[in-house]
Each structure stands twice: as C-alpha cells, then as structure tokens.
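Chains P and S supply the protein sequences, listed in that same order.
Its first residue numbered 1, the first sequence is counted upward by one per residue in UniProt numbering.
Its first residue numbered 1, the second sequence is counted upward by one per residue in UniProt numbering.
A short worksheet on the structure shown next.
There are 2 protein chains.
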Amino acid sequence: MKQTGDLNLVKKINKSIVLDRIRHDSPVSRARLAELTGLTKATVSSLVGELIESGLVDEIGAGESSGGRKPVMLLFNGTAGYAVGIDLGVDYILGVLTDLNGVIVEQHTMKHSNASVDAVIGDVIHSIRELIGRAPQSTYGIVGIGIGIPGISDEQGNVLFAPNLGWENVPLQQRIESELGIPVVIDNEANAGAVGEQQFDAGVGQNASYLVYVSIGSGIGTGIIIRGELFRGSSGFSGELGHVTIEQNGKPCRCGSSGCWELYASESALLEKARAVLPEDDVDIEALLRRAGDGDKRVIELFEQLGRSLGVGLVNIINAFNPELIVIGGRLAEAESWMLGPLTEVMERRSMPFPRAKLRVQFSGLGMKSTVLGACSLAIAKFFASTKVSVEG
Amino acid sequence: MKQTGDLNLVKKINKSIVLDRIRHDSPVSRARLAELTGLTKATVSSLVGELIESGLVDEIGAGESSGGRKPVMLLFNGTAGYAVGIDLGVDYILGVLTDLNGVIVEQHTMKHSNASVDAVIGDVIHSIRELIGRAPQSTYGIVGIGIGIPGISDEQGNVLFAPNLGWENVPLQQRIESELGIPVVIDNEANAGAVGEQQFDAGVGQNASYLVYVSIGSGIGTGIIIRGELFRGSSGFSGELGHVTIEQNGKPCRCGSSGCWELYASESALLEKARAVLPEDDVDIEALLRRAGDGDKRVIELFEQLGRSLGVGLVNIINAFNPELIVIGGRLAEAESWMLGPLTEVMERRSMPFPRAKLRVQFSGLGMKSTVLGACSLAIAKFFASTKVSVEG
DNA sequence: CTAAGTTTGTTTAATGAATTTACAAAGTCG
DNA sequence: CGACTTTGTAAATTCATTAAACAAACTTAG
C-alpha cells in the first residue's frame, strides 16, 4: 500500500525542508527561509516555532539589516543530541561520537581478535558504551548508532554475509538494539564511506547526487549514491564492483569468477606484485608507501601500474553509472601522488567523451574516517526521518 | 527549490494513486479502492467522481455482491486518448498508435535512407501524421508521442549523440513538438525497451522494480530500471554497459577503449566469427538463425559461444546493479534456444550466490516491439504526470 | 416473506496545514 | 524627521482529508 497524502504528510515534508535548510544554511533568517523554500513567511514562522520548541533550532540574535528591520538569525543546534559511529574492521573497531552536525566529540579505537561472533559483538558494545559514557548532556541524548561492516546486510540490519569476518546471518542490529535500547543502522563499509564523503564538509562529495565511492583495501568495495541516496539493489547487494570482470580469462577469484577487477587493483594485488621485486620483509603497505616517498623507482612503478589497473575499472563504473564524482578511498588513497597520473591517463584514453565531460575523480577527503563518519551520518539521518522529531515535535 | 507540501500536492498524490489502482485492477469498486489504497471511502468517492468527470474512468454497472449491496464497478477508460510510439532505427522507422492501455490500434513501418537529419525527421513526422490520421475520435485525442532513438539524449529531448545515425546535438523533441503541437518524449532505444518490458502485459518484467534490459543489435545497448524508474545517470548517459571492458587488453573498440563487451557478444561479433566458418553469402543474421534451426552444428556452436560471452557481461551487470530481472532483447533474442544454456552455465559459475538467488534472466516477451511500446508508455506516463489530468481534472 | 445483518457509497461536520491579507515592529536612508 | 523596506506575527480563508452517521441495496436465516 503506497503512502497516501494527508495533512500530516504535508507538514512532515515542509518541516523537514525547513530543518534541512537551517542545517545547511545556518545562520539564516525566517524571511530568507521563506524565499529559499517557497513557503510563505507565516508557514515558515510556525514551523520554526515548533523546531525551536523541540530544541533543534536556536535564535542567536539579530543579523545585518538589508535596508529594513534586522532579521533574527536561526542556528541549527547541533548539540541537541549525539550519535555513535562504528567502523567494524576485520581486526579493529574504530568508534566516534559526533554531535548532530557530525562534529567529532569523542573517539575510541581498539583491536579485536575475531575470536567469535559473540566476542566481536561484545567488543563493539563495549566500544559504544565507552563513547556513550563520555557524551555530554543533551536534549535528545544518543539519537542513534551507525555501524559500517565489511560485508552485506539487509534492511533489518542482519549481516547476511561478511567473508573476511567469517560471518553469516548475524542479526547485528537487533542484538545491539536490544542490549542498548538505541536505534541502530547497519550498512556496508563502502556504502557508509560514500555517505561520509557526501555529507561532511571535509569530504570531497558534498552536494554530489551521483557519486561512486571506491574503497581500496585487501579487496575493492564500492558505495553508490544515486539521486542523493544510497543505491542498494533489489536485495541489498549492489555495487560489488570489485568483482566486475576486466579479464574474462584472467586469474581465478574466490567469488567463483575470474579476472575480477580487485585481483588487479587492490592492496593484495599490489603486495603480490611487490613480492616479485622486493625482499619479503619490506612487503607491506606502510613500507611500500615509505619507499615510494623516498623515491624508490621500482616501488613507484608498482603504484603507477596499480593506478592504470584502477583506471580500467573506473571506466567501467563511468559507463555503467555515469556519476558526477568518483571518490577513491582506503589506505591506498595515500598513494595519490603516484597513482593519479597513470589513472587519469588510462581513464581519458578508454572512456567516451560524454560521460567524462562532467566527471570528477578525487581521492578521499576524510581518509580513514569516511566509513565511521558515514555510519554516524546514517544514524543521524534515521533520527531525523523518524516521525518523532519531524512532526510530533 | 525542493517541492513543498500543500493541499494541491496531497490531492495530486491521492488522485494518482487511485487512478493507478483503477488502471491496474480494473474492474474495481470504490469500496475496494478504499481498502487497497488506505484512503477513506469518502475520499475515494470524491476522487473517483472527478476521474469520471474527466473521462478517464467509467462506471460499468453492478458487480457481484459479497453479502450486501452490490458494488458499482469502475473501469479505466483506455480509449479516452491515444499515444504514438516511434522506434527510430538506423534504416527503419517503426511506429504504433496505442490507446491509453497500451493496446496497439494502428501500426506503420517504413524504411529510411538516412540521407540527412532533415530527411529523417521528415520521415518520422510523416510516420506520426499517418498514425494520427488513423486515430479514432476521443476525449483527449493524441496525448503524446514517444520516440526511441539509437543514441543518447538529454532531458530537453535533444539527441546529444547517435553514432549509427551520424547525429550530434539534434533538437528532436523541440522540432517535432513545434511541427505537431503535441508533447514529445525522447529516450534511448534500450531505455524505452526496458520500460516496454516492464509496463506491458506481454512483457516479461511486469512489476519488476529493478530490471536491466539488454538489447543486442550491432552493438549492445542497455536500459536500467531502478526502484521502478528509469535510471539515467548524472548526465543522461548511464547504462553504456556494452562498453564495459571484459578483456582489458582485448580488441580495440571505436569508443576508445579495448575489450568492450559488445565486441564479443553482439550481432557484429557473431557475424565476424561466422565469416571464418561460412561462405560470405550466408553471413547475415537471418541466414544464421535459419541454419541453426536446421541443425547446423557449426552455426549452433557460434550461438553457444555468443551465449557464453553474453554470460560474462551479465555477471558484471549482476555485480553492479543486483537486479531482480535481466531481459534480453533485440533480434538475437530469437536465438534463445541455443544461447540460454551456455549463458546460464557461465552465469552460474561466475556469479556470487547472493545476488543470483533472486535473479531471473528472460528473453524479451515483446520481441521487436519492446522499444516502440516502451516509447508509447513513456508518452502516456508523461501525460498522466502532467497536472492537467491529475489535479485540475 | 419478513426481519436482521452486511456492504456500498454519499453526506455532513470537524480537523488542521497552508495561504492570503493585513499589520506592527524595527530598521535604513536621504 | 519622514518615507520607504524588511521582518515577523496575527487573523481570516481555503480546501482536502478524516470520522461519523446514514440511506440504499442486497443476502440470508428462520
């Protein structure tokens, strides 16, 4: 049954439009909001009144006059609540506490040994409790928890499959919600990263409605934003672009296929190639980055080669999704200076002029924090989408 | 400026919900509509009244009682208006006239020589005029014209690029609208095909919200439906999946890349391979289909090989878009019986269990008519989306 | 054949969110 | 200082939905 229209819906739509505008254009006056949104001054006045009542918006006094009465400036009250973001890695847990503006207030990192599903969940909960404990007092308290995982999940927050953790069908959301009594959102690590880059000032994808985030780790993960929203596919399994074939008779991949992109353009691919050139001891990412930084020609050539392989896959992304922005993240993003040139060269040679015309390719602006911040952002978005705030005030 | 909410919007939403339900569940009573939509009986009554007033809905008398007063059954009046659909090919124009239900009423085919842009547009207009001339009298007359083109277009209906026609920046929509004074929609041939398969009873994709239509012609075109809507990418250039690389150092392609899927899995690829095996005279699609039908092993092997190459690209589609349905269309769809086996074998071997679980792969249900019917459907959808019908009545 | 119960669809009054119009307050500027 | 602007609120109006009541039409049990 489709969502029907009624007065409640109207108010919800308008209130969320007004709140969004205040969030992104603070400080702003009621009169200006009326102009920006197309609503009448009276409507804006009334909605702003309720938002102030609910603690999400504050008046911060008069602004500059433009030839008449001074406007009363409004500010989004980012400290009306806090959210927890978790980046659940294969051997680490990175957690942050942010206010509703996404400003990081507290941080917590720990290793986990992946001994068992229960042990990991215990560690995650411990990490969250730690952060919650340090949260300042606020009107709404902890509004939600977002968790980025190295695997795929469904809408109910079940981890369907996370090969690198060895997880299958783990009801992660439900377990953490019942333990802590706070709304939880689960999403793929790359999806969260995409949201992070799109939503945060420090990210490179603000205002991008069509964005693909490519996370280079031991494999390649991708998060896809279409029309400003995460694209999840028909069963939550979209964007396994790391397993797009770029060499139909290439190396076999653990996914069952062969010649997958990630076999040529991931950390693993880099390390494999490095082993042929360097002493075993120097074959890890840190060391390679250091050597390249010191000007080691052999290592720089490895990164350039990786850049070219990345380029081949990026062209596939362009042809499939026609995004306005591709963001490259993960630890290897640090190798930007050596990869960008070859990558761009391959991309320009192999792609068609049209989709390329309006395309930007950038390396992550948030670095290792894109996933954890994106997770926070998902939690905050869920909070604002819940009717509690939007309508009932 | 985002769309704000007001009473007009509410009515538009509800009216279109009610009309959609009548369109798809005819015959249906007001009481049943109230149940189906979640609106109250009073609201449904009022909206249905206006729809009857506007000629789009008819009362067709009493239905079966279910233990009380007999319901008055409502029927969508498909003949309240007509739409023209055009499939503009490289050397032909296929046109149909359908009623608002998408039932074909008239048909018109012609060859065109592609002498010049103006000549082709002249032929298209001639074809449309011919069909309009044969349209029955109706309340709304010709509500719109949809045109599927072998190239890409923008939202204003400009043909940006159509290599096989040799067109660049042709304002097709504007030219036809100013000539005929009827709303025109332009879209890619494969996009139209996808809509056709999704919207029509005879298509295989009814109710599919995540569908990829693969049109095999001299190249490969694809139309992608996400959340029930055509996906166009950030600049109208999505879904050039024919140019996804499946062999990074493969044959060079006219697109600038090399190893593109369509070099291995299109009509051209088939014909090229056939030339190595058969006398030159027998190398055309019709002949190959005939020979395969006669049991020619060498030709059947060619089709099987094509099926395998198709499979490789389909796996890429699955990993990228995670659709619930892939529809294979174009003339080569006739070779289903020889291609399906090898195609499925490759697909199952190379794809991951998860996205494959809920996936169907089917050959076109509309055959050569998917594009032309999809084009009609786009025109009809535009008509219903226009406020004229939806609100002002 | 009648009385009771059901189902359908309309009517009427109430609700509530946005709009329109008017206006007061607080500025600027010559 | 007075004319003009701009900001924000208030009151009256509009209008689509809902809720409740009801009339009409029908079935079914006895």
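Idealized CB from N, CA, C, for every residue including glycine.
Which residues does DSSP pair with residue i in a beta bridge?
i: Val-361(P); result: Ile-326(P)
i: Arg-29(S); result: One point to set straight first is that residue 29(S) is Ser, not Arg, in the sequence displayed. Ser-29(S) pairs with Met-73(S).
i: Cys-255(S); result: Answer by DSSP bridge pairing: none, since Cys-255(S) is not bridged.
i: Ser-54(S); result: Paired residue(s): none; Ser-54(S) is not in a bridge.
i: Cys-376(S); result: Its beta-bridge partners do not exist; DSSP assigns none.
i: Ala-162(P); result: Trp-167(P)
i: Asn-188(P); result: Ile-149(P)
i: Glu-155(S); result: Answer is none; Glu-155(S) lacks a bridge partner.
i: Leu-289(P); result: None, per the DSSP bridge assignment.
i: Gly-223(S); result: Tyr-213(S)
i: Thr-98(S); result: Ala-83(S) and Ile-104(S)
i: Gly-144(S); result: Ala-83(S)
i: Leu-230(S); result: Ile-225(S)
Which of the three DSSP states is assigned to residue i in this structure?
i: Gly-307(S); result: helix
i: Phe-383(P); result: helix
i: His-108(S); result: strand
i: Asn-14(P); result: helix
i: Val-170(P); result: strand
i: Tyr-264(S); result: helix
i: Asp-123(S); result: helix
i: Tyr-66(S); result: Looking at the sequence provided, one finds Ser at residue 66(S) rather than Tyr. DSSP places Ser-66(S) in coil when its eight states are reduced to three.
i: Lys-2(P); result: coil
i: Ser-93(P); result: Ser is not the amino acid found at residue 93(P); the sequence shown has Ile there. Reduced to three states, the DSSP call for Ile-93(P) is strand.
i: Leu-39(P); result: coil
i: Gly-393(S); result: Since pLDDT at Gly-393(S) reaches only 41, below the 50 mark, its modelled position is unreliable, and the value read off the structure follows with that caveat. In the structure shown, Gly-393(S) sits in coil (DSSP, three-state: anything other than H, G, I, E or B).
i: Gly-85(P); result: strand
i: Val-299(S); result: helix
i: Ile-246(P); result: coil
i: Thr-139(P); result: coil
i: Asp-201(S); result: coil
i: Ile-182(S); result: coil
i: Gly-61(P); result: strand
Apart from the five residues just before and just after residue i, which ones in its own chain have a Cβ nearer than 6 Å to its Cβ?
i: Pro-252(P); result: Ser-258
i: Leu-56(P); result: Asn-77 and Ala-80
i: Arg-350(S); result: Val-315
i: Ile-318(P); result: Ser-351 and Pro-355
i: Ser-370(P); result: Gly-193, Gly-196, Glu-197, Gly-329 and Ser-364
i: Gly-239(P); result: Thr-222 and Ile-224
i: Val-143(S); result: Gly-81, Ala-83 and Phe-383
i: Thr-43(S); result: none
i: Val-299(P); result: Leu-288, Arg-291 and Ala-292
i: His-108(S); result: Gly-95, Ser-127, Glu-130 and Leu-131
Can you have a look at residue i and say buried or exposed, based on whether 16 or more other CB atoms are within 10 angstroms of its CB?
i: residue 394(P); result: This structure cannot speak to residue 394(P), because chain P is shown only from 1 to 393.
i: Gly-157(P); result: buried
i: Thr-139(P); result: exposed
i: Ala-320(S); result: buried
i: Ser-215(P); result: buried
i: Arg-30(P); result: buried
i: Asn-169(P); result: exposed
i: residue 402(S); result: Beyond the ends of chain S as shown, which are 1 and 393, falls residue 402(S); an answer cannot be given.
i: Leu-7(S); result: exposed
i: Asp-87(P); result: buried
Kindly list the residues whose CB is nearer than 8 Å to the CB of residue i, restricted to its own chain and excluding five residues on each side of it in sequence; keep chain order.
i: Leu-36(S); result: Arg-21, Asp-25 and Val-28
i: Lys-70(P); result: Ala-62, Gly-63 and Glu-64
i: Pro-183(P); result: Val-143, Gly-144, Ile-145, Glu-177, Ala-379, Lys-382, Phe-383 and Ser-386
So, at 7 Å on beta carbons, what are the nonlocal neighbours of residue i in its own chain, with the 5 sequence-adjacent residues on each side left out?
i: Pro-171(P); result: Asn-158
i: Leu-289(S); result: Glu-334 and Ala-335
Less than 7 Å separating the Cβ of residue i from some heavy atom of the ligand FMN?
i: Phe-303(P); result: Within the structure as shown, the ligand FMN is missing, as the structure has no ligands at all.
Fill in: Interfacial residues, the stretch 154-168 of chain P to chain S, with Cβ spacing under 9 Å
Residues Leu-160 and Phe-161.
Worksheet item: What residues in the stretch 339-352 of chain P have a beta carbon less than 8 Å from any beta carbon of chain S?
Response: Arg-349, Arg-350, Ser-351 and Met-352
Item to complete: Taking a Cβ distance cut-off of 9 Å, strictly less, list which residues of the stretch 320-337 of chain P are near chain S, in chain order.
Response: Listed by position, the residues of the stretch 320-337 of chain P near chain S (Cβ gap below 9 Å) are Ala-320, Phe-321, Asn-322, Pro-323, Glu-324 and Leu-325.
Practice prompt. Would you list, in chain order, the members of the stretch 246-258 of chain P that have their beta-carbon closer than 7 Å to a beta-carbon of chain S?
Written response: Within the stretch 246-258 of chain P, the qualifying residues are Ile-246, Glu-247, Gln-248, Cys-255, Gly-256 and Ser-257.
Item to complete: Please list the residues of the stretch 352-377 of chain S that have a C-beta atom closer than 9 Å to any C-beta atom in chain P, keeping them in chain order.
Response: Using a CB distance below 9 Å, the part of the stretch 352-377 of chain S facing chain P consists of Met-352, Pro-353, Phe-354, Pro-355, Ala-357, Lys-358 and Leu-359, ordered along the chain.
Worksheet item: What residues in the stretch 111-124 of chain P bring their beta carbon closer than 9 Å to a beta carbon of chain S?
Response: Listed by position along the chain: nothing, the set is empty.
Discussion item. Beta carbons nearer than 8 Å to chain S: which residues of the stretch 205-218 of chain P have them?
Written reply: Ser-209 and Tyr-210
Item to complete: Compile a chain-ordered list of the residues in the stretch 299-323 of chain S whose CB is closer than 7 Å to at least one CB of chain P.
Response: Val-312, Val-315, Asn-316, Asn-319, Ala-320, Phe-321, Asn-322 and Pro-323
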